[in-house]
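A.B. asks: Sharing a structure here in structure tokens format.
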Amino acid sequence: MKKFHNLSFFLFILALLLAGCKEKLPVKDDLSGISYGLVTQDSSFFTFPRDLKGHVVVVGLIFTHCPDICPLITNNMERIQEEAKKEGLPGVSFVSISFDPLRDKPSVLKEYAEVREIDTKNWIFLTGRQGEIDSLKKQLHYVAIAGDTTYSSSGEPSYFFVHTDRITLMDKEGRVRQEYKGSSLNPADVIKDIKALEN
Amino acid sequence: MFILVMLMMILPLQQQAGVIEIKNAWMRPGAKDMNTALYFEVKNNSSQADTLYDAKSGLAERVEVHETYMQGDMMGMRPAKAVEIKANSTFKFQPGGHHVMFINLKQNLRKGSSAEVTLYFRHAGEIKIKPEVRK
């Protein structure tokens, strides 16, 4: 009988532990010990994700010449930003990282944000050296493959990417905690997860 | 006789005017030298299918009809040479699907502005629209 009680107690503790492990948002990837040297739309040096320590971060990877999917991703990030404002979640930051640094210089990113009237109070746009961007993409398991290049009348290259469609949520320590389909997510789901990470 | 000839010329055009309707046309903002997309609904009121085969505008260096496709968790775009609008149906050009792409914009396109675009249909001919720029 005593053996049975011991076993029951053990199973109870195990169930509690498993419930704890099945925590809402398990760590999918840890970038807390890695630093990527990038540049903002204002040409300031920025270390990602270290410079955002203490913030829950919504991350989207884009290329500014994308006419359809990346604007959808950006638009969904704006919807999350608006909801976060309404919900009074000041600790959340937004980051758009270009995977096309050849064309997306800081001034291009600045123009991209301005023409879309994006509120950059808590939103930064980042670009960087190709090697650094490639390394970050690899760490985030993000794929972007450039298609054929054509040239405009002024000789500017024109090409598009087939790329991962994703928005990533990182915690205050720079760890990936959730991923969403960037072009078709429900902002309310992201807000719920942000709240879980804020607490 | 002259009136009869004129009527014969005008009537087919009048019929065509309502055959294809373009609704809810809008474009996303875009910066000069960048790209953007136009979205709209095509309502074909005819009992005959029609085909959108081209679009033109002075707004960009190139204007092309494209479709976005999904490949696993990746998205890409490819040109759509012609888009069939079935008889008595509505086809939506929408984000994440078919769209008219503007490559190398000649000016900034800001929210609230509008631009003239001509759509070319095999049967209905040219249809001019003025989509609004919005998010």
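Chains as they are written, first to last, in our numbering: chain P, 1 to 199; chain V, 200 to 334. In this text, a Cβ means the ideal position worked out from N, Cα and C, and glycines have one as well.
Could you pull the DSSP bridge partners for H65/P from this structure?
C.D. replies: Its beta-bridge partners do not exist; DSSP assigns none.
A.B. asks: Please go through the same chain and pick out, in chain order, the residues whose beta-carbon is closer than 6 Å to the beta-carbon of L61/P, but skip the five residues on each side of it.
C.D. replies: I97, F99 and Y142
A.B. asks: Any residues in the region 271 to 286 of chain V with a beta carbon nearer than 8 Å to a beta carbon of chain P? Which ones, in chain order?
C.D. replies: From the region 271 to 286 of chain V, only D272, M273, M274, G275 and M276 have a Cβ closer than 8 Å to chain P.
A.B. asks: The beta strand (DSSP E) spanning E191/V covers which residue range?
C.D. replies: For residue 191/V there is no data in the structure shown, the boundaries of chain V being 200 and 334.
A.B. asks: Can a CB atom of chain V be found closer than 8 Å to the CB of D189/P?
C.D. replies: no
A.B. asks: Using a Cβ cut-off of 8 Å, which residues of the region 53 to 82 of chain P contact any Cβ in chain V, in chain order?
C.D. replies: T64, H65, C66, P67, D68, I69, P71, L72, N75 and E78
A.B. asks: Using three-state DSSP, classify H163/P as helix, strand or coil.
C.D. replies: strand
A.B. asks: Taking only the alpha-carbon atoms, compute the straight-line gap between T168/P and K327/V and give it to the nearest angstrom.
C.D. replies: 41 Å
A.B. asks: Determine the direct distance from the alpha carbon of P106/P to that of S44/P, and round the result to whole angstroms.
C.D. replies: About 9 Å.
A.B. asks: Got a sec? Which residues, its chain only, sit under 8 Å from A279/V by beta carbon, not counting five neighbours each side?
C.D. replies: V264, H265, E266 and H297
A.B. asks: For the structure I just gave you, are there three or more beta carbon pairs, one from the region 140 to 159 of chain P and one from the region 278 to 295 of chain V, closer than 8 Å?
C.D. replies: no
A.B. asks: Can you tell me where the alpha helix (DSSP H) with S107/P in it begins and where it stops?
C.D. replies: P106 to V115
A.B. asks: List in chain order: all unbroken alpha helix (DSSP H) runs of 4+ residues lying wholly within the region 121 to 151 of chain P.
C.D. replies: 130 to 139
A.B. asks: Cα separation between Y238/V and Y151/P?
C.D. replies: 25 Å
A.B. asks: Which residue from V58/P, T127/P, E78/P and E111/P puts its Cα closest to that of G174/P?
C.D. replies: V58/P
A.B. asks: With a cut-off of 8 Å, do at least 3 Cβ pairs link the region 113 to 128 of chain P to the region 227 to 234 of chain V?
C.D. replies: yes
A.B. asks: For I73/P and P67/P, I'd like the C-alpha separation in whole angstroms.
C.D. replies: 11 Å
A.B. asks: Would you say A236/V reaches chain P, if we count a Cβ-Cβ gap shorter than 8 Å as a contact?
C.D. replies: yes
A.B. asks: Straight-line CA distance for K334/V to R227/V?
C.D. replies: 5 Å
A.B. asks: Of the choices T250/V, V262/V and V332/V, whose alpha-carbon is the least far from that of K242/V?
C.D. replies: T250/V
A.B. asks: Are V162/P and M274/V touching if we call contact CB-CB under 8 Å?
C.D. replies: yes
A.B. asks: Quick one, which residues of the region 90 to 122 of chain P are near chain V if we go by CB-CB under 7 Å, in chain order?
C.D. replies: E111, Y112, V115, R116 and E117
A.B. asks: Per DSSP, what kind of secondary structure is L38/P in: helix, strand or coil?
C.D. replies: Residue state, collapsed to three classes: strand.
A.B. asks: Interface residues of chain V around F160/P at Cβ under 7 Å?
C.D. replies: M276
A.B. asks: Out of V39/P, F46/P, P101/P and L109/P, which one is the CA nearest neighbour of P71/P?
C.D. replies: L109/P
A.B. asks: Do we get a CB-CB distance below 8 Å when we pair S43/P with the residues of chain V?
C.D. replies: With respect to chain V, the C-beta atom of S43/P has no partner C-beta closer than 8 Å.
A.B. asks: Can you look up N223/V in the DSSP assignment and give me helix, strand or coil?
C.D. replies: strand
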